[in-house]
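> So the sequence shown is numbered by our numbering: it starts at 67 and just counts up by one.
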Amino acid sequence: MSWQQCVALQQPQYEDLAELSRALGELSQLPPLVTSWEVLALKQALAEAQEGKRFLLQGGDCAESFADCTSPIISNRLKVLLQMSLVLVHGLKQPVLRVGRFAGQYAKPRSADTETHDGVTLPSFRGDVVNGPDFTAAARRPDPQRLIRGHAHSALTMNFVRALVDGGFADLHHPEYWDLAWVEHSPLAAEYRRMVAGIGDSLRFMETLAGPIAGFTRVDFFTSHEALLLHYEQALTRQVPRHRGWFNLSTHFPWIGMRTAALDGAHVEYFRGIRNPIAVKVGPSVTPELLLPLIDALNPEDEPGRLTLIHRMGHASIAEKLPPLLDAVRRAGRRVLWVADPMHGNTENTSIGYKTRRFDNIRSELDQAFDIHAAAGTHLGGVHLELTGEDVTECMGGARDLSEADLQRAYKSMVDPRLNYEQSLELAMLIVRKSGG
Ligand code: PEP
Ligand code: MN
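1. Please tell me whether, using a cut-off of 7 Å, the distance from the CB of Lys347 to the nearest non-hydrogen atom of the ligand PEP is below it.
2. Shorter than 7 Å, the distance from the beta carbon of Asp134 to the closest heavy atom of the ligand PEP, or not?
3. Report, in whole angstroms, the separation of the C-beta atoms of Leu209 and Asn225, which I expect to be a contact under 8 Å.
4. Which partner residues of Gly331 appear in the DSSP bridge assignment?
5. Is the beta carbon of Asp482 within less than 7 Å of some heavy atom of the ligand PEP?
6. Go ahead and label Pro320 buried or exposed: buried means 16 or more other beta carbons lie within 10 angstroms of its beta carbon, across all protein chains shown.
7. Using the Cα positions of Gln110 and Pro370, report the straight-line distance between them to the nearest angstrom.
8. Checking the sheet assignment: what are the DSSP bridge partners for Lys347?
9. Classify Val498 as helix, strand or coil using the three-state DSSP reduction.
10. Just checking, does the segment 75–92 make contact with the segment 181–199 on the three C-beta pairs under 8 Å criterion?
11. Under 7 Å: does the beta carbon of Glu273 sit that close to some heavy atom of the ligand NAD?
12. Let me check you understand the geometry: is the CB of Met324 closer than 7 Å to at least one non-hydrogen atom of the ligand PEP?
13. Checking the sheet assignment: what are the DSSP bridge partners for Asn415?
14. In this structure, how does DSSP classify Glu130 when only helix, strand and coil are distinguished?
15. Whose C-alpha, out of Pro343, Glu299, Thr136, Gly380, is nearest the C-alpha of Asp504?
16. Can you name the start and end residues of the beta strand (DSSP E) that Val165 belongs to?
17. Terminal residues of the continuous beta strand (DSSP E) containing Glu452?
18. Hey, Ala476 and Val498 are a contact pair by Cβ (cut 8 Å); roughly how many whole angstroms apart?
19. Determine the extent of the beta strand (DSSP E) in which Gly311 is found, giving its start and end residues.
20. Less than 8 Å between the beta carbons of Ser94 and Ala169, yes or no?
21. Comparing alpha-carbon positions, which option in Trp244, Phe132, Asn486, Thr374 lies nearest Ala113?
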């Protein structure tokens with residue numbers, strides 16, 4: 067069966083189908099962004115995370131934008147992720163698997179298809195790969211040319227990230243490369259620097275004994291995005307005879323969002339047919355009766371590394387909603403990687419209309435997630451976060467105790483509120499504490 071025979075939620079309504087088909091034809095001839103070797107290497111690493119031998123750090127913007135495809139924004143985001151992963155490696159004493167929410171995170175699910183202001187109704191903004199954010203008829207028209215631009219911007223981002231992490235930027239001998247200019251006086255930056263100085267001492271000590279150690283000069287970085295726009299994903303899904311199957315080569319690690327995870331829906335049907343490691347967001351409405359058939363559909367052979375479940379329950383619901391799922395999956399003897407997304411269940415609107423999240427609620431959900439897994443005898447093997455290296459004020463609380471009034475100072479997200487530097491680093495430190503590091 068093809069996904070085209072199932073109900074595909076959250077897809078744009080293109081006006082000119084011939085134009086769409088031309089753009090998809092072009093896209094399907096363009097080179098892919100990743101290779102099947104990389105995809106299979108990630109699957110193997112995720113299998114190790116399932117066994118508790120690695121920890122997954124997955125993070126980036128809620129929605130990337132074409133305008134933010136710039137050198138400082140890409141490298142600052144990478145800096146935060148590298149700093150967090152250093153905290154995790156040091157504290158957890160195990161390898162960290164780094165996966166960006168970038169190089170393709172351009173399509174967004176929306177709660178309504180249209181938006182009305184002052185009597186004018188237009189299609190909702192669905193991400194830069196679909197239409198533009200401005201509230202004009204021209205910007206909001208789903209434009210097939212944006213599919214090509216989405217591919218190009220993903221390639222530009224990926225090219226820059228690959229060059230940075232291969233070419234010396236990620237060298238553990240020079241963690242000062244990852245310092246962010248604007249965090250000079252942060253209390254957490256000082257704690258982080260003390261830790262880094264300690265690591266530097268150990269590194270020099272080891273290399274005095276053993277000579278230069280190659281593994282310390284670079285890292286692996288994988289990419290992920292919500293594979294929402296099925297036409298786009300299909301055009302970049304390629305048959306790889308060497309590895310006997312179809313791979314989505316637009317990203318290493320696509321995921322199914324909470325709104326499109328119906329068992330009989332088009333997204334699940336599409337994901338069944340690809341060999342990538344995949345993830346599914348699991349929200350508070352998911353029961354064991356819904357989850358087990360989904361696991362059967364997406365990973366019928368119980369293949370290691372294939373399926374990650376990202377729970378996003380909300381701090382007030384996780385204690386009630388998560389344990390039955392953990393219990394059911396454990397009893398069924400199914401192999402999954404459990405990952406916590408403490409962001410998406412904790413979104414709220416302020417009185418003046420900002421979409422925000424309270425850091426205390428995010429921290430509480432993550433904190434509870436570790437305890438709930440420990441009590442259930444399951445393993446929490448990763449986190450999924452929305453964060454940025456820019457000086458934003460989008461989530462309230464954290465080390466600088468951002469208030470509702472602070473939000474207007476630097477609220478830049480087009481969709482969901484992201485953690486800033488201190489809030490991100492604080493969560494990394496929390497993970498270390500909860501894991502007994
Ligand atoms: C997201 O990850 O940005 C998102 C929309 O999440 P969810 O599907 O969990 O709501
Ligand atoms: Mn989001």
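Positions of the beta carbon are idealized from the N, C-alpha and C atoms, including for glycine.
Short version:
1. Between the ligand PEP and the CB of Lys347, the shortest heavy atom gap is smaller than 7 Å.
2. Incorrect: Asp134 has no Cβ contact closer than 7 Å to the ligand PEP.
3. It should be pointed out that residue 209 corresponds to Asp in this sequence rather than to Leu. The pair is not a contact, with the Cβ atoms about 24 Å apart (cut-off 8 Å).
4. In the DSSP assignment, the residues bridged to Gly331 are Val73.
5. Yes.
6. Buried is the call here.
7. One C-alpha to the other measures close to 8 Å.
8. DSSP, once it has assigned bridges, lists Ile376 as partnering Lys347.
9. Note: Val498 maps to helix in three-state DSSP.
10. Yes, they touch.
11. This structure does not include the ligand NAD; its bound ligands are the ligand PEP and the ligand MN.
12. Proximity of the beta carbon of Met324 to the ligand PEP is indicated: a heavy atom of the ligand is located closer than 7 Å.
13. According to DSSP, Asn415 bridges with Lys421.
14. Taken through DSSP and simplified to helix, strand or coil, Glu130 comes out as coil.
15. An answer regarding residue 504 cannot be provided, because it is not within the stretch 67 to 503 covered by the chain.
16. Run containing Val165: 162–167, per the beta strand (DSSP E) assignment.
17. That run of the beta strand (DSSP E) goes 446–452.
18. Between Val498 and Ala476 the Cβ distance is about 28 Å, and since that is not below 8 Å, they are no contact.
19. It spans 311–314 - the beta strand (DSSP E) in which Gly311 sits, taken as one unbroken run.
20. For Ser94 and Ala169, no; Cβs fall outside 8 Å.
21. If we check each option's Cα against that of Ala113, Thr374 comes out closest.
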